[in-house]
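Enquirer:
What follows is the structure, encoded as structure tokens:
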């Protein structure tokens with residue numbers, strides 16, 4: 006079992022990694038908001054390229070699911086996080102070392118960086134040995150780490166580091182500070198004067214009092230007087246400081262590349278788990294979806310839009326979940342119904358689910374089965390642009406043409422309100438033409454439209470409708486329900502009110 | 266160092282919870298009048314007196330302990346005032362004279378601490394001198410312990426040690442500190458060291474050889490260097506400045522403690538002087554265990570009433586031994602409310618360790634005094650008056666202690682006599698079965714006479730006295746409740762004799 010990476014199963018997979026540009030559909034699906042939220046605060050790891058590279062390979066998806074599942078165990082997660090924290094500390098020390106001038110100051114920051122690294126490695130080795138890991142990725146990593154932690158290279162680095170740390174911490178000296186001079190020498194047996202003072206006045210003590218010690222920790226760097234004092238101290242303890250200089254020269258490239266890559270890549274999982282944990286805490290369901298690059302049967306139950314839910318939870322507003330399924334020959338969901346009823350959100354959810362599933366991540370929903378597409382295309386309304394000098398209708402047509410040129414039967418196409426800038430009959434005719442193309446393509450598609458007759462065009466199309474509350478049609482439920490587009494949404498919501506819908510009856514009647 | 270004047274083995278704890286019915290007690294017994302007479306404008310005395318009266322002692326020995334300390338104070342008031350003034354002055358000086366300790370520089374913190382200590386030492390010396398002068402004149406355990414402690418802990422040797430510290434902390438020979446290497450090899454963990462005293466002979470010094478030492482001189486024009494050096498000095502003295510500043514806080518707290526412990530007695534001395542000037546009697550009460558039922562006194566007067574008028578006030582006598590229930594009826598403006606207040610006040614005063622306003626006084630201890638007085642109608646009140654009364658009663662029951670005393674003043678009169686009497690009867694009966702001690706002032710004839718007819722062994726009935734010429738004596742006598750409260754008399758006095766009809770005759 007050779008370990009390549011905690012993210013990539015094989016060396017070839019890794020080669021595809023370095024994508025710097027977000028896919029075109031990111032903004033339309035609000036995936037940009039989602040990935041921004043996931044990677045917020047983790048900029049140092051440069052995680053976005055990982056989120057720009059979906060996979061069609063079910064084995065890669067499974068590899069990541071397994072790693073993610075292991076990391077959901079709190080014990081392992083804490084261990085990996087403390088490793089990350091030590092590694093972050095190490096980088097902080099190194100960057101500080103590079104900014105300082107005095108050679109013994111630089112050297113000490115460097116020594117402490119290596120020390121943190123050694124501790125991080127040996128602790129992770131110990132922790133993983135005890136951890137209950139099942140993922141192929143973690144099993145291979147554990148093996149690699151174990152071998153590394155026992156290698157001569159690492160053990161001698163660690164021994165050398167600890168010795169030097171111990172020697173430096175044994176250094177004590179006395180300074181005698183007068184008005185214009187400072188004298189440095191070794192200590193004799195002078196006693197601690199503060200304890201004398203405290204003892205003298207202890208008899209008055211009635212209870213605890215506040216402390217008056219000034220905190221000097223905000224000045225971590227040495228000034229030029231302290232630099233001189235440090236030079237004197239080095240003269241008092243010459244062997245130790247000679248050793249320190251030699252150590253720095255010898256250990257410039259101490260860090261192992263595979264471990265530093267692990268430190269970065271494992272953050273992909275941790276950041277994602279952090280993000281979805283806010284949903285879980287709010288009681289929203291998250292699942293590992295089934296995925297396929299062969300069968301286009303897809304479904305999701307109790308799913309929701311991550312980006313919207315993120316905002317709603319922050320505002321304390323409840324999140325509405327929706328279901329969908331396509332099976333057999335069904336490929337296309339036509340979404341119609343009242344405005345502001347959650348149609349666009351539904352379409353985005355569909356796109357988000359498919360994209361995030363292809364990253365090997367858990368998705369929003371109680372359960373889901375999703376398609377690993379070759380590409381996701383979106384067609385959302387754009388502001389009229391002066392650049393291309395085309396009319397809106399023309400622009401719609403040009404863009405959909407481009408999409409249909411590039412899309413394959415493995416693609417997912419999400420269209421939102423096309424042809425709104427022409428007459429109803431025109432729009433209907435154009436939409437039907439586009440639909441015919443997509444039906445022939447056999448791609449998966451969600452089409453949000455007011456042209457509800459599209460729903461009955463073919464056995465590949467199904468109709469879903471956004472609904473309103475029956476007692477007050479102005480109140481939106483944000484529920485999108487699979488049903489014929491014939492204005493029955495109102496009746497359905499009345500049934501909902503009396504808990505007589507299918508779902509509610511199921512709940513009431515029990516298993 | 267502890268004073269232990271208020272309790273034999275612990276400090277007075279001002280954080281101790283005052284009873285929940287503190288606002289009612291204060292209003293009904295007019296406690297603020299008492300506090301003000303004790304405090305004479307001193308806020309600390311006011312607060313401590315208030316706290317002490319509200320959190321009375323329930324242990325006889327503790328009450329007697331305070332009584333002996335208080336006797337000492339009454340006999341040596343000048344010396345006690347001197348002690349109090351020394352403590353108060355030290356605290357005031359600390360506040361007034363010195364800028365705060367909020368400095369970022371240990372050297373400033375240290376300088377302030379040294380200044381403060383010098384001032385405190387002078388005050389401590391004065392304390393010790395008072396203790397030395399007056400030791401023989403005090404008889405109580407409390408003061409004996411305090412004076413012994415002051416003389417032992419504040420010896421001349423001790424002051425010499427403190428002075429040597431203060432001299433050393435001027436750092437005439439520079440600051441000597443040890444340090445270790447911290448982050449980035451920066452000096453850290455500075456600890457101020459006491460230089461070794463060289464006792465070697467001349468020859469030893471010659472041969473011992475000097476350990477290596479390196480000295481850096483800072484150029485007079487190197488301002489950055491001078492700043493850096495002074496920062497390093499600050500690090501060196503950081504811990505000792507902390508220690509010394511904390512020590513000044515300890516001493517300040519010592520003075521605060523002493524002032525708090527003395528404040529109550531100062532209040533008592535003030536009050537005593539005021540009453541003595543008027544010729545009002547006082548006595549040290551005899552407390553009995555809470556299971557006993559005694560309430561016997563001679564010439565008990567309402568101290569708050571006395572404090573608010575020039576002439577002396579009328580006192581009452583009572584012998585109510587083995588009684589749980591004292592019911593007071595009788596003439597309007599006949600002194601019933603005053604009597605009831607004197608009962609409440611004397612109980613609180615006795616249990617705080619004070620003297621009481623009477624010629625003699627003996628009562629059992631209660632662990633709570635509750636008052637239920639008729640209230641003015643409140644304009645903002647949403648509920649009716651009886652609602653309000655019953656609500657307050659329910660609140661009393663919620664907070665009631667194991668062995669309380671309840672003072673009712675014209676309670677449950679907000680409805681007709683029959684209903685009011687019935688409500689009150691049920692409440693009183695229930696309370697008596699729990700052996701609650703009750704004083705009940707009422708005009709409710711049905712209530713009063715109903716209890717009278719039951720010939721309860723543990724009840725006594727008092728009546729505001731009225732002489733034949735309709736003059737009130739403000740004295741209460743033991744007697745059967747009468748059906749009128751002589752409102753006619755009041756009417757007659759206000760409207761003149763012509764307006765009066767024949768007074769109702771008491772029932773046969």
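Residue numbers (the numbering used here), protein chains in the order written: chain S, 6 to 516; chain P, 266 to 773. Virtual Cβ for every residue (Gly too), placed ideally from N, Cα, C.
1. Which runs of the beta strand (DSSP E) spanning at least 3 residues fall entirely within the region 139-213 of chain S, listed in chain order?
2. Rank S:195, S:225, S:166 by C-alpha distance to the C-alpha of residue 245 of chain S and give the top, closest one.
3. Quick one: complete alpha helix (DSSP H) runs, 4+ long, within the region 411-454 of chain S?
4. So, under 8 Å CB-CB, residue 407 of chain P and residue 322 of chain P are touching, yes? Tell me the CB distance rounded to an integer number of Å.
5. I'd like to know whether the C-beta atoms of residue 593 of chain P and residue 717 of chain P end up nearer to each other than 8 Å.
6. With DSSP collapsed to three states, give me the class of residue 527 of chain P.
7. Taking 8 Å as the threshold (beta carbon to beta carbon), is residue 482 of chain P in contact with chain S?
8. In this structure, does DSSP put residue 750 of chain P in helix, strand or coil?
9. Do the CB positions of residue 337 of chain S and residue 452 of chain S come within less than 8 Å of each other?
10. So with CB distances below 7 Å, who are the chain P contacts of residue 254 of chain S?
11. If you pair each beta-carbon of the region 211-219 of chain S with each one of the region 532-542 of chain P, do three or more pairs fall below 8 Å?
12. Spell out whether any CB of chain S is found under 8 Å from the CB atom of residue 272 of chain P.
13. Assign residue 278 of chain P to buried or exposed, taking buried as 16 or more other Cβ atoms, counted over all protein chains shown, within 10 Å of its Cβ.
14. So residue 801 of chain P contacts chain S; which residues on that side make the cut at Cβ distance below 8 Å?
15. Determine, using beta carbons only, whether residue 432 of chain S and residue 459 of chain S come nearer to each other than 8 Å.
16. Can residue 307 of chain S and residue 370 of chain S be called in contact, C-beta distance under 8 Å?
17. Is residue 637 of chain P closer than 8 Å to residue 608 of chain P when the C-beta atoms are compared?
18. Hey, which unbroken runs of the beta strand (DSSP E) at 3 residues or more fall wholly within the region 489-565 of chain P?
19. Among the residues of its own chain, which have a CB less than 7 Å from the CB of residue 400 of chain P, if the five just before and after it don't count?
20. Roughly how many whole angstroms lie between the Cα atoms of residue 425 of chain P and residue 318 of chain P?
21. Under 8 Å, do residue 490 of chain P and residue 229 of chain S count as touching if we go by C-beta distance?
22. Counting pairs of Cβ atoms below 8 Å between the region 289-299 of chain S and the region 79-97 of chain S, do you hit three or more?
23. Between P:727, P:559, P:614, P:600, which lies nearest to residue 587 of chain P when the distance is taken from Cα to Cα?
24. Taking residue 505 of chain P as the query, report the chain S residues whose CB atoms sit under 7 Å from its CB, ordered along the chain.
25. With a threshold of 8 Å between beta carbons, is residue 326 of chain S in contact with chain P?
26. Can you tell me whether DSSP reads residue 325 of chain S as helix, strand or coil?
27. At which residue ranges does the region 332-366 of chain S contain complete beta strand (DSSP E) runs of 3 or more residues, listed in the order of the chain?
28. Would you mind stating whether residue 42 of chain S and residue 280 of chain S have Cβ atoms separated by less than 8 Å?
29. What does residue 510 of chain P touch in chain S if you count any residue whose Cβ is under 7 Å from its own?
30. On a Cα-Cα basis, can you pick out the residue from S:268, S:88, S:339 that is closest to residue 50 of chain S?
31. For the beta strand (DSSP E) holding residue 452 of chain P, just list the boundary residues, first then last.
32. Apart from the five residues just before and just after residue 309 of chain P, which ones in its own chain have a Cβ nearer than 8 Å to its Cβ?
33. By alpha-carbon positions, which one of P:596, P:487, P:677, P:452 ends up nearest to residue 744 of chain P?
34. Sort S:24, S:47, S:83, S:77 by Cα distance to residue 59 of chain S and report the nearest one.
35. Measure from the alpha carbon of residue 453 of chain P to the alpha carbon of each residue in S:209, S:198, S:175, then state which is nearest.
36. Identify which residue in S:183, S:147, S:366 has its Cα closest to the Cα of residue 9 of chain S.
Expert: Taking the coordinates as given:
1. 177-182, 186-190
2. S:166
3. 429-446
4. Actually they are not in contact, since the Cβ atoms of residue 407 of chain P and residue 322 of chain P sit about 14 Å apart, beyond 8 Å.
5. no
6. helix
7. yes
8. In this predicted model, residue 750 of chain P has a pLDDT of only 48, less than 50, meaning its place in the structure is not dependable enough to derive any value.
9. yes
10. Those do not exist, as residue 254 of chain S stays about 17 Å from chain P at its closest Cβ, beyond 7 Å.
11. no
12. no
13. exposed
14. The requested residue 801 of chain P does not occur in the structure, where chain P is confined to residues 266 to 773.
15. no
16. yes
17. no
18. 551-553, 560-565
19. 412
20. 42 Å
21. yes
22. no
23. P:559
24. 198, 199, 202
25. no
26. coil
27. 337-341
28. yes
29. 217
30. S:268
31. 452-459
32. 353, 524, 525, 528
33. P:596
34. S:24
35. S:175
36. S:147
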